[in-house]
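Accompanying notes for the structure given below.
Protein chains: 2
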Amino acid sequence: MIKLAEISTRAPEGWDKKETEKETEKLVKKLGKLHHNLYAESKQSVLVILQGMDGSGKDGAVRNVFSDCTIAGLDLVSFKKPTEEEFAHDFLWRVHRWVPQKGMLTIFNRSHYEDILIQRVHGWIDMERVQKRMNAINAFEDLLQFDNNTKIFKFYMHISKEEQLVQLQERIDDPEKRWKHNDGDWKEREHWDQYMEAYEYAINNSTTPWHICPVDQRWYRNYFIAKTLADNL
Amino acid sequence: MIKLAEISTRAPEGWDKKETEKETEKLVKKLGKLHHNLYAESKQSVLVILQGMDGSGKDGAVRNVFSDCTIAGLDLVSFKKPTEEEFAHDFLWRVHRWVPQKGMLTIFNRSHYEDILIQRVHGWIDMERVQKRMNAINAFEDLLQFDNNTKIFKFYMHISKEEQLVQLQERIDDPEKRWKHNDGDWKEREHWDQYMEAYEYAINNSTTPWHICPVDQRWYRNYFIAKTLADNL
């Protein structure tokens, strides 16, 4: 059982930034090659799920880690507030249609986990529904793996509450980042502890394991994700 | 445990055709009204699955039973041989996108069950995959029910081997039915016993129960489906 509070949000002690950045460059190139093979062979597919609090660097991870991937074989799907049509279906409906077909690598920026995170934290659904949805998620992820040869990589973008403050404040102070500022993010921050509890539940009850990615230093985040993918593809 | 060979494919002894047809007319009208309410309220949805051997009268059931339903609230999806894009995904992918949204009644003419029927009979998948798919189907149908308030009605269109012969022969003899004739149907007929075994497995291992609909007399088929729906909506 994972307790997030016990896991560091930073690079391991003594890790060198410069060297890591060099290593990351190589890994990003290696990932690009592996991805090209995946696309050319079209026998399996890859689903990368990025989940984390606001400011945890999901967008930056997409920009930095997949920059050498073949565009034709890459899909990025960002899940926002569900549309009216999406709300009129089960919670996996909008997600299932975007899963990768053979040969593709698809990145989910947020995902079906939102439906047991934000919805739970705000009490829009009760724990019975959270559990049922968790079971449905496990069956769904299992289906993608056994029936379509999909490799699933789920990253929990592990940011500290202090670093989130820095990131959200930057969105106000830095004109180049201001387009990302959203009052709602500050409101969600007030529910920090409940979010941590909800994330822990999701991580501890998933049959497909999560990778806990320390993100307080963005250079280590990039390394961690690139390394995980390049080593396992 | 259901054994199909032990269940009649005909109306119960002494059932009167004329009276049943009159009763069916009333049921079809009642179903039309219930369907209109479903559509107007948009709080739940209905999924009707029709599965059966070639010639078991799935098309006729659609034509006769739903004739009073509100067209705007009715969807018919016929599943044929999967496209290349569909084959490049898990077997539930093409099905999930067509499930009814709240307020809709959707009819599946054939369904995800084909993937544990024809594929099993021809040995394209092994029993381990059949079992995994069966579990995935149960989880999927459960999801639709608990998360989107979908009522699921699954009808196995129970035809005798003798009556199938009559139906397939008519498609050759009757010019009006000739468009339905397909050499492949006669080939599938040779696997009759294996199909019965595969259907029994699907019926006996489904957590959402099936309705076994006797279809040798089409007037009884219409009555059976109309009655089941009108009584349970």
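Line order of the protein sequences matches chains A and B. According to this note's numbering, the first sequence is numbered sequentially starting from 4. According to this note's numbering, the second sequence is numbered sequentially starting from 4. We treat Cβ as the ideally placed atom computed from N, Cα and C, and that holds for glycine.
ask   = At a Cβ threshold of 8 Å, is A/N151 touching chain B?
value = Here residue 151 of chain A refers to the residue found at position 148 when the first sequence is read from its first residue. By this cut-off, A/N151 is an interface position.
Same chain, Cβ closer than 8 Å to B/E144, neighbours up to 5 away in sequence not counted = Here the question's residue 144 of chain B lines up with position 141 in the second sequence. Contacts found: I155, S209, T210, T211.
message = Any beta carbon of chain B sitting closer than 8 Å to that of A/W96?
response = Working through the first sequence from its first residue, we reach residue 96 of chain A at position 93. Yes, A/W96 counts as interfacial toward chain B.
key: Proximity to A/R123 [Cα-Cα], best of A/L232, A/E9, A/Y202, A/T23   = Locating residue 123 of chain A in the first sequence gives position 120, counting from the first residue. Nearest C-alpha to A/R123: A/Y202.
task = For B/K105, decide whether its Cβ has a neighbour in chain A, counting only Cβ atoms nearer than 8 Å.
result = For the purposes of this step, residue 105 of chain B is taken as the residue at position 102 of the second sequence. Yes - at least one Cβ of chain A is within 8 Å of the one on B/K105.
key: Three-state secondary structure assigned by DSSP to A/I110   = For this step, residue 110 of chain A is matched to residue 107 along the first sequence. A/I110: strand per DSSP, three-state reduction.
request  = If I'm right that A/N141 touches A/S48 with Cβ under 8 Å, what's the distance once you round it to whole angstroms?
outcome  = As a first step, residue 141 of chain A is located in the first sequence; it is residue number 138 there, counting from the start. As a first step, residue 48 of chain A is located in the first sequence; it is residue number 45 there, counting from the start. Incorrect: roughly 19 Å between the Cβ atoms, too far for contact.
task = Just confirm the distance between the C-beta atoms of B/G63 and B/I162, as a whole number of angstroms; I'd bet it's less than 8 Å.
result = The residue labelled residue 63 of chain B in the question sits at position 60 within the second sequence. The residue labelled residue 162 of chain B in the question sits at position 159 within the second sequence. In fact, because the Cβ distance is near 12 Å, the residues do not count as touching under 8 Å.
request  = Following the continuous beta strand (DSSP E) through B/H214, name the residue where it begins and the one where it ends.
outcome  = As a working note, residue 214 of chain B is residue 211 in the second sequence. 213-217 is the span of the beta strand (DSSP E), which, as asked, contains B/H214.
message = Using beta carbons (cut-off 8 Å, strictly below), is B/A205 in contact with chain A?
response = Position 202 of the second sequence, counting from 1, holds the residue named residue 205 of chain B. So no, B/A205 is outside the interface.
request  = Please list the residues of the segment 186-202 of chain A that have a C-beta atom closer than 9 Å to any C-beta atom in chain B, keeping them in chain order.
outcome  = none
ask   = Roughly how far, in whole angstroms, is the beta-carbon of B/G106 from the beta-carbon of B/Y42, given that I think they are within contact range, below 8 Å?
value = Counting from 1 along the second sequence, the entry for residue 106 of chain B is found at position 103. Counting from 1 along the second sequence, the entry for residue 42 of chain B is found at position 39. Rounded, the Cβ-Cβ distance is 5 Å, consistent with contact.
request  = Check the DSSP bridge columns for B/L77 and list the partner residues they point to.
outcome  = On the second sequence, position 74 is the one that residue 77 of chain B refers to. The partner list for B/L77 (beta bridge, DSSP) reads B/L108.
query = Mind checking if B/L147 is an interface residue toward chain A, Cβ cutoff 8 Å exclusive?
reply = Locating residue 147 of chain B in the second sequence gives position 144, where the first residue counts as 1. By this cut-off, B/L147 is an interface position.
Interface residues of the segment 111-141 of chain A facing chain B [CB-CB below 8 Å] = R132, K135, R136, N138, A139
ask   = Interface residues of chain A around B/D93 at Cβ under 7 Å?
value = The count along the second sequence starts at 1 and reaches residue 93 of chain B at position 90. Result: L146, L147, D150, N151.
key: Through-space distance from A/T27 to A/S70, alpha-carbon basis   = Along the first sequence, one-based indexing puts residue 70 of chain A at 67. Along the first sequence, one-based indexing puts residue 27 of chain A at 24. Those two C-alpha atoms are separated by around 12 Å.
key: Per-residue DSSP class, three states only, for A/M4   = The sequence position of residue 4 of chain A within the first sequence is 1, counting from 1. In this structure, A/M4 counts as coil in the three-state DSSP scheme.
ask   = Can you tell me whether DSSP reads B/V102 as helix, strand or coil?
value = The residue labelled residue 102 of chain B in the question sits at position 99 within the second sequence. If DSSP states are grouped into helix, strand and coil, B/V102 belongs with coil.
request  = Taking 8 Å as the cut-off, decide whether the C-beta atoms of B/I10 and B/I215 are in contact.
outcome  = What you label residue 10 of chain B is simply residue 7 of the second sequence in a count that begins at 1. What you label residue 215 of chain B is simply residue 212 of the second sequence in a count that begins at 1. Their beta carbons are under 8 Å apart, which means B/I10 touches B/I215 by this criterion.
ask   = Just reading off the alpha helix (DSSP H) that B/L50 is part of, what are its end residues?
value = As a working mapping, residue 50 of chain B is identified with position 47 in the second sequence. Segment 48-55 is the beta strand (DSSP E) holding B/L50; no alpha helix (DSSP H) there.
ask   = With a CB to CB cut of under 7 Å and the five nearest residues on each side skipped, what residues in its chain are close to B/I228?
value = One-based indexing of the second sequence puts residue 228 of chain B at position 225. A64, V68, F158, C216, listed in sequence order.
8 Å Cβ cut-off: residues of chain B touching A/H99 = One-based indexing of the first sequence puts residue 99 of chain A at position 96. Result: L95, W96, H99, R100.
task = Decide if B/E166 is buried, meaning its Cβ has at least 16 other Cβ atoms within 10 Å, or exposed.
result = In the second sequence, residue 166 of chain B corresponds to position 163, counting from 1. The residue is buried, with at least 16 neighbouring Cβ atoms inside 10 Å.
ask   = Tell me which same chain residues have a C-beta within less than 6 Å of the C-beta of B/V98, skipping the five on either side of it?
value = Position 95 of the second sequence, counted from the start, is the residue given in the question as residue 98 of chain B. Result list for B/V98: H115, in chain order.
request  = Reducing DSSP to helix, strand and coil, say where B/I162 ends up.
outcome  = Numbered from its first residue, the second sequence carries residue 162 of chain B at position 159. Coil, per DSSP.
query = According to the neighbour-count rule (16 or more other Cβ atoms, all chains shown, within 10 Å of its Cβ), is B/V169 buried or exposed?
reply = Locating residue 169 of chain B in the second sequence gives position 166, counting from the first residue. The residue is exposed, with fewer than 16 neighbouring Cβ atoms inside 10 Å.
key: Counted within 10 angstroms of its Cβ, other Cβ atoms place A/M4 as buried (16 or more) or exposed   = Sequence index remark: in the first sequence, residue 4 of chain A carries index 1 (1-based). It counts as exposed.
Where A/E88 meets chain B, residues with beta-carbon distance less than 7 Å = One-based indexing of the first sequence puts residue 88 of chain A at position 85. The contacting residues are Q104.
inquiry  = So, does the segment 219-226 of chain B touch the segment 11-25 of chain B, judging by three or more C-beta pairs under 8 Å?
reply    = yes
Span of the alpha helix (DSSP H), counted from its first residue to its last, around B/H125 = Here residue 125 of chain B refers to the residue found at position 122 of the second sequence. Counting along the chain, B/H125 falls outside any alpha helix (DSSP H), and DSSP gives it neither H nor E.
request  = Kindly indicate which residue of B/K33, B/L53, B/K180, B/N185 has the alpha-carbon position closest to the one of B/T109.
outcome  = In the second sequence, the residue the question calls residue 109 of chain B occupies position 106. That would be B/L53, whose Cα lies nearest to the Cα of B/T109.
query = From the DSSP output, which residues share a beta bridge with B/K154?
reply = Your numbering for residue 154 of chain B matches position 151 in the second sequence. According to DSSP, B/K154 bridges with B/V49.
query = Leaving out five residues before and five after A/Q104 in sequence, what residues of the same chain have Cβ atoms less than 7 Å from its Cβ?
reply = Here residue 104 of chain A corresponds to residue number 101 of the first sequence, with the count starting at 1. If we look at A/Q104 and ignore the five residues flanking it on each side, its Cβ neighbours are S48.
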